[in-house]
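Count the sequence shown with the working numbering and you get residues 151 to 251, in order. Quick notes on the structure that follows.
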Amino acid sequence: MPLWCHKWPIYNDKERFKLAYSHLAPHNVNTYIDDISTSHDDFNYHLKVIYKSLKQTQKLASSWTREKTQLAVSEITLFGRIISQMVVRPDPERIAAMNVT
Numbered sequence: 151m152p153l154w155c156h157k158w159p160i161y162n163d164k165e166r167f168k169l170a171y172s173h174l175a176p177h178n179v180n181t182y183i184d185d186i187s188t189s190h191d192d193f194n195y196h197l198k199v200i201y202k203s204l205k206q207t208q209k210l211a212s213s214w215t216r217e218k219t220q221l222a223v224s225e226i227t228l229f230g231r232i233i234s235q236m237v238v239r240p241d242p243e244r245i246a247a248m249n250v251t
């Protein structure tokens, strides 16, 4: 169950952003530029990690962008790929853009 979040206006420096969430790395919390993601097989554990991520965001006096936040979803879109527990496949919207003649 991934958690995907965008837009961290205070931490636009990717190294500081990564450092701010580094203590959550053992809980499979990953950062990339201004995004974080996490996934777990156990839904209750997943909710606890989401809570820890929210608390850290609150400590940073930052926020998640509602329109771009995805909670407890079975797949996410990243770098033109759709990623799920079983497979990584191309995003059809990206492929359609390449096939326009």
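A virtual CB, placed ideally from N, CA and C, is assigned to each residue, including glycine. Keep in mind it's a predicted model, so treat the numbers as computed, not measured.
Nearest-angstrom Cα separation, counted from residue j out to residue i
i: P240; j: L174; result: 29 Å
i: S234; j: E165; result: 27 Å
i: K202; j: N249; result: 42 Å
i: D192; j: W214; result: 23 Å
Residues that residue i bridges to, as DSSP identifies them
i: Y182; result: D185
i: R231; result: L228, P240
Residue from the options with nearest C-alpha to residue i
i: H177; options: T219, K198, R231, P242; result: K198
Original post:
If we count Cβ pairs, one from each stretch, closer than 8 Å, do we get three or more for the region 223-237 versus the region 192-211?
Top reply: no
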